[in-house]
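*Asks:* Mapping of the sequence shown onto our numbering: position 35 corresponds to residue 57, and the numbering continues sequentially without gaps.
Just so it is clear, CB atoms sit at the ideal spot from N, CA and C, and this is done for glycine as well.
Please read these numbers as outputs of a predicted model, since none were measured by experiment.
Attaching a single structure in structure tokens format; questions to follow.
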Amino acid sequence: DDLRDRLDEITSKKSIYVYCQIGLRGYMASRILLQNGFVDVYNLSGGYRLWQASTNELEKLYADQPCVAQRNHQFSIAS
């Protein structure tokens with residue numbers, strides 16, 4: 023309800039990225055935004071815990087290649 027009450031504070035002129043711990047609240051927030059006319063909305067599917075775990079696994083896989091293991095892609099964005 024807080025998001026719905028504050029929609030007028032959010033600009034629709036920029037991309038909006040939403041996320042939460044496991045993905046459900048981020049998904050709900052993205053749906054609310056889309057249903058209220060926002061177009062460029064992205065949810066971090068699975069939440070930041072899944073993103074962090076997958077990023078850590080990639081770093082382990084490429085530990086001997088530090089140029090590949092850098093966090094160049096800080097968001098895996100799913101719409």
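Between which two residues does the beta strand (DSSP E) holding Tyr64 run?
*Replies:* Residue mapping note: residue 64 aligns to position 42 of the sequence shown, counting from 1. Note, Tyr64: beta strand (DSSP E), Val63 to Asn65.
*Asks:* Against chain B, with Cβ distances strictly below 9 Å, would Lys36 count as a contact?
*Replies:* No chain B is part of this structure, which consists of one protein chain only.
*Asks:* Which residue comes first and which comes last in the alpha helix (DSSP H) that contains Ile54?
*Replies:* Here residue 54 corresponds to residue number 32 of the sequence shown, with the count starting at 1. From DSSP, the alpha helix (DSSP H) with Ile54 extends over Leu46 to Gln57.
*Asks:* Who pairs with Ser39 in a beta bridge, going by DSSP?
*Replies:* By 1-based counting over the sequence shown, the position of residue 39 is 17. It is worth fixing the name first, because residue 39 is Tyr in this sequence and not Ser. Note: Tyr39 sits in a beta bridge opposite Tyr64.
*Asks:* Since Gly45 and Ser67 are thought to touch, with beta carbons under 8 Å apart, how far apart are those beta carbons, to the nearest angstrom?
*Replies:* Here residue 45 is taken as the residue at index 23 of the sequence shown, counted from 1. Here residue 67 is taken as the residue at index 45 of the sequence shown, counted from 1. Going by Cβ atoms, the distance from Gly45 to Ser67 rounds to 6 Å, so yes, they are a contact pair.
*Asks:* Cα separation between Leu55 and Asp23?
*Replies:* Within the sequence shown, numbered from 1, the residue matching residue 55 stands at position 33. Within the sequence shown, numbered from 1, the residue matching residue 23 stands at position 1. Spanning the two alpha carbons is a distance of roughly 12 Å.
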